[in-house]
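Input: a single structure, listed below in structure tokens.
There are 2 protein chains.
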Amino acid sequence: MTDRSRLEKILQRLDGMKLRQMMICDPTAIFYLTGKWIFPGERFLGLLISRDREPVLFVNELFQFDEEIGAQKVYFSDTDNIIPLLKEKVQADQALGVDKIMAARFLLPMMEQHVAKSFANTSPAVDLSRAVKDAAEQEKMRRSSHVNDLAMEQFKKLIHAGVTELEVAEQMLGIYKSLGASGYSFDPIVAFGGNAADGHHMPDETVLRDGDCVLLDVGCIVDNYCSDMTRTFFWKKEPDEKAREVYELTRRANQEAEDMLIAGIPLMSVDKMARDIITEGGYGPNFTHRLGHFIGIEDHEFGDVSQANENLTEVGNTFSIEPGIYVPGAVGVRIEDLVLITSEGHEILNHYSKEIEVLG
Amino acid sequence: MTDRSRLEKILQRLDGMKLRQMMICDPTAIFYLTGKWIFPGERFLGLLISRDREPVLFVNELFQFDEEIGAQKVYFSDTDNIIPLLKEKVQADQALGVDKIMAARFLLPMMEQHVAKSFANTSPAVDLSRAVKDAAEQEKMRRSSHVNDLAMEQFKKLIHAGVTELEVAEQMLGIYKSLGASGYSFDPIVAFGGNAADGHHMPDETVLRDGDCVLLDVGCIVDNYCSDMTRTFFWKKEPDEKAREVYELTRRANQEAEDMLIAGIPLMSVDKMARDIITEGGYGPNFTHRLGHFIGIEDHEFGDVSQANENLTEVGNTFSIEPGIYVPGAVGVRIEDLVLITSEGHEILNHYSKEIEVLG
């Protein structure tokens, strides 16, 4: 393994589940452990980790590579039957943990041909380990959000009279790349006026009008780690009384939820802080989603900041704080930051201003 | 179902497997049957089809919709346990076919809680049905390839002195959209000179040089159906003797494989026709992939034209014929068309010229 300490974290969690071996399929998790990206498409890909043996990577010969990844490589061809190959390495008299995304076309034959004694979804062992970023990951998260800050400065300049949402969105990738990002962490959301109140809105031919709010929810990938930030601007006119009320309430919910962040508090209590502020302000029903999601190699990783999540924050967690108030047909405001839980409390990873900003 | 005849085709194939019910998870297959796209991400999505009951769609309430799709809708929330909901509709005393992509996080609890008597991967029932395009699908495949022909005319004009592969590639999406396509069917391949001989090459900062071959492997989506075509041009200079030999051999392999196409012949015999021509010409080891893949709603669908596929062509099959010869560091030529098997023989879906063309 490129990173033995990450492997050990996962094996310890497997110990707690009374399992000694697991087949990891998720390319993202395999990258996390080996530093190697492999996208097998419909073909099998599995990293077998075990308390008793060295890791083994099963990979189609189409994706052969020379790098040393600290795991034995077992190659197979499109015409090979992989089950006998798996049987050589998996301990058949023991249970096997499998990845939550392992597909039926692999899992069913493994079960029918008794590759292991029993099978269990042990993805939480991987997911909970990944939710705690180590120092190297934290630094990459900072850099990705720094690029996102720089990009937001430039995105703002794309807003001008007559522009459409799509015209703005289509220029973002080039800006990210010029700043050193490898791509989007998700397709950017650009929403003008009433569109900003529609949670499912994708950038379209809507033309900017004076007085519109301009919601930009954007993120990029830098050195394999994701950023994600939302800012809501106004075009040409100061926001009217209602829009200002919505903005200030959203901002206060964002700020107070962030201010309370330390290790060891229930994630649901953070959601509650923001939700209570918005509810007391009279907009409870207009805050239609959870407060945040975990993020890292993927934009949405296991873990969230929601009313249902009783788990406690841990040092190394990185997640979004993104309250929003959506008034159908009128205005939508969302203010989103990424945060890192630290031993001192927390660190905000992006730094773009949250003051009301009127463009144009 | 939007299309009862498609459902009936699948149920007939299930009959042949002695199964009366199947849970389909693949969003593409669900679109094929209902005309409705739903991308559930990590959440459960299943279309239960049965000989005995009306179809039932299990879908998270986040993706609620009004359209009538000929299936009962069962909504659930993020906090609901879906197993009891499935138990209400699946016949527990019978086997259940499942989709090859069904994830372990759903399949394992379904097995542990005895949602059905047994479980089998019955995706071939869906895949083999989808491999035979009906008249409406054939027409959409024609339209998509027609747009691809028009686009190729414009892509050619992007080639000029000093341009990089990436600069060419980045202009393609706009051209496709201006022609009515909704997007790429896959990320376009633009490869100059020796890069064209690398099967894994992605467009990069390589600058065009006089005498380079210019390989464009491109496709778009029109009305949900994919096109896919490859043409290899030359820049500024007539190809040298070697490049001309490679081009003409590739072209003949493409042409003779297409000329033989009728319903009822083994797909492996089509691959053999092209491979034998290239082998006899002395470039067998330089033709490093299968001759073609099936295509439709997805760029790569179940079914291929390879040495291993004994299946016979059927009226309604649509697949690619794409021989290539790759001479490392020097030149790469691939010529790819999409074909439709008809009762009269076959139809080529794209029409861009395959003559040697020197640009600039």
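Quick note, the sequences are listed as chains H and D, same order.
Just so we're aligned: 76 in the working numbering is position 76 of the first sequence, and the numbers increase by one with no gaps anywhere.
Just so we're aligned: 1051 in the working numbering is position 51 of the second sequence, and the numbers increase by one with no gaps anywhere.
Virtual Cβ for every residue (Gly too), placed ideally from N, Cα, C.
Just so you know, these numbers come straight off a predicted model, no measurement behind them.
message: So H/GLN307 and H/ASP271 are supposed to be a Cβ contact under 8 Å. How far apart are they, rounded?
response: Indeed they touch by this definition, with Cβ atoms about 5 Å apart.
task: Could you check the C-alpha separation between D/GLY1180 and D/MET1141 for me, to the nearest Å?
output: If I take the Cα positions, the gap works out to 14 Å.
- prompt: Which residue comes first and which comes last in the alpha helix (DSSP H) that contains H/ILE278?
  reply: Annotation: the continuous alpha helix (DSSP H) that includes H/ILE278 extends over 267-280.
field: D/ASP1217, enclosing beta strand (DSSP E) - first and last residue
entry: That run of the beta strand (DSSP E) goes 1213-1218.
field: Closest residue to H/LEU14 among H/GLU314, H/ASN121, H/ALA135 and H/GLY162 (Cα-Cα distance)
entry: Between H/LEU14 and the set H/GLU314, H/ASN121, H/ALA135 and H/GLY162, the nearest pair of CA atoms involves H/ASN121.
- prompt: Along chain D, in chain order, which residues have C-beta atoms closer than 9 Å to that of H/ARG105?
  reply: Close partners of H/ARG105 in chain D (Cβ separation under 9 Å): ASP1099, LYS1100, ILE1101, MET1102, ASN1121 and SER1123.
Contact list for H/LEU249 against chain D, beta-carbon separation under 7 Å: Result: empty, since nearest Cβ-Cβ is about 24 Å, beyond 7 Å.
task: Could you tell me which chain D residues have their CB closer than 8 Å to the CB of H/ALA308, listed as they occur along the chain?
output: Proximity of chain D to H/ALA308 at the Cβ level (cut-off 8 Å) is accounted for by ASP1078 and THR1079, in chain order.
- prompt: What do you reckon, are the CB atoms on H/PHE192 and H/LEU208 nearer than 8 Å?
  reply: Closer than 8 Å, so yes.
field: Given D/GLY1174 as reference, the closest of D/LYS1087, D/GLY1219 and D/GLU1310 once Cα atoms are compared
entry: Distances from the alpha-carbon of D/GLY1174 to those of D/LYS1087, D/GLY1219 and D/GLU1310 put D/GLY1219 closest.
- request: Spell out whether any CB of chain H is found under 8 Å from the CB atom of D/LEU1216.
  value: Not one chain H Cβ lies under 8 Å of D/LEU1216.
query: Are any of the Cβ atoms in chain H nearer than 8 Å to that of D/LEU1014?
result: At least 8 Å separates the CB of D/LEU1014 from every CB of chain H.
query: Between the stretch 1127-1143 of chain D and the stretch 1312-1323 of chain D, do three or more beta carbon pairs fall short of 8 Å?
result: These segments touch.
- prompt: In whole angstroms, what is the alpha-carbon distance linking D/CYS1226 and D/GLU1137?
  reply: Distance between the alpha carbons of D/CYS1226 and D/GLU1137: 11 Å.
- request: Let me know the alpha helix (DSSP H) ranges lying completely inside the stretch 1017-1102 of chain D, each 4 residues or longer, listed in chain order.
  value: Taking 4 residues as the shortest admissible run, the stretch 1017-1102 of chain D contains the following complete alpha helix (DSSP H) segments, listed from N- to C-terminal end: 1027-1034 and 1082-1089.
message: Under 8 Å, with one C-beta from each stretch per pair, do the stretch 2-13 of chain H and the stretch 86-106 of chain H reach the 3-pair mark?
response: Contact between the stretch 2-13 of chain H and the stretch 86-106 of chain H is absent, because fewer than three Cβ pairs lie under 8 Å.
query: Going by other Cβ atoms of all chains shown within 10 Å of its Cβ, with 16 needed for buried, is H/ASP337 buried or exposed?
result: Answer is buried; the Cβ neighbour count reaches 16.
- prompt: What's the gap between the Cα of D/GLY1097 and the Cα of D/LYS1236?
  reply: One C-alpha to the other measures close to 57 Å.
query: Looking at the unbroken alpha helix (DSSP H) that takes in H/THR250, where does it start and where does it end?
result: Looking at the DSSP string, the run of the alpha helix (DSSP H) that includes H/THR250 is 241-259.
task: With H/LEU338 as the anchor, note down where its beta strand (DSSP E) starts and where it stops.
output: First-last of the beta strand (DSSP E) with H/LEU338: 337-342.
message: I'd like to know whether the C-beta of H/LEU108 is nearer than 8 Å to at least one C-beta of chain D.
response: It does; some Cβ of chain D falls within 8 Å.
Nearest-angstrom Cβ-Cβ length linking H/LEU215 and H/ILE189, presumed shorter than 8 Å: Indeed, because the Cβ distance is near 7 Å, the residues count as touching under 8 Å.
- request: Round the Cβ separation of D/GLY1162 and D/THR1250 to the nearest angstrom and send it over; I've been treating them as touching at under 8 Å.
  value: That pair is no contact at about 28 Å.
Residue ranges of each beta strand (DSSP E) within the stretch 163-205 of chain H, 3 or longer: Assignment of beta strand (DSSP E) within the stretch 163-205 of chain H, counting only whole runs of 3 or more residues, yields 189-192 in chain order.
message: Assuming H/GLU301 is part of the beta strand (DSSP E), what are its boundary residues?
response: Per DSSP, the unbroken beta strand (DSSP E) holding H/GLU301 starts and ends at 301-305.
field: Counted within 10 angstroms of its Cβ, other Cβ atoms place D/LYS1018 as buried (16 or more) or exposed
entry: Exposed.
message: For H/VAL333, list the residues DSSP reports as bridge partners.
response: The partner list for H/VAL333 (beta bridge, DSSP) reads H/ILE325.
message: Between which two residues does the alpha helix (DSSP H) holding D/PHE1155 run?
response: According to the DSSP assignment, D/PHE1155 belongs to the alpha helix (DSSP H) that extends over 1135-1157.
query: D/GLU1205 to D/GLY1360, Cα distance in whole Å?
result: Approximately 20 Å between the Cα atoms of the pair.
- prompt: According to the Cβ coordinates, are D/ASP1304 and D/GLY1292 closer than 8 Å?
  reply: The Cβ atoms of D/ASP1304 and D/GLY1292 sit closer than 8 Å to each other.
message: Helix, strand or coil, according to DSSP, for D/GLU949 in the structure here?
response: This structure gives no information on residue 949 of chain D, because the portion of chain D shown stretches from 1001 to 1360.
- request: Taking D/ALA1092 as the reference, give the member of D/PHE1294, D/ARG1020 and D/PRO1040 with the closest Cα.
  value: The residue with the shortest Cα to Cα distance from D/ALA1092 is D/ARG1020.
- request: Could you have a look at D/ASN1286 and say whether DSSP puts it in helix, strand or coil?
  value: Three-state result, D/ASN1286: helix.
field: Neighbourhood of D/TYR1032 by C-beta, 7 Å cutoff - its chain only, sequence neighbours within 5 removed
entry: For D/TYR1032, where only same-chain residues beyond five positions count, the Cβ hits under 7 Å are ARG1006, ARG1130 and ILE1297.
query: What are the boundary residues of the alpha helix (DSSP H) that D/ARG1105 is part of?
result: Counted as a single uninterrupted DSSP element, the alpha helix (DSSP H) harbouring D/ARG1105 occupies residues 1104-1112.
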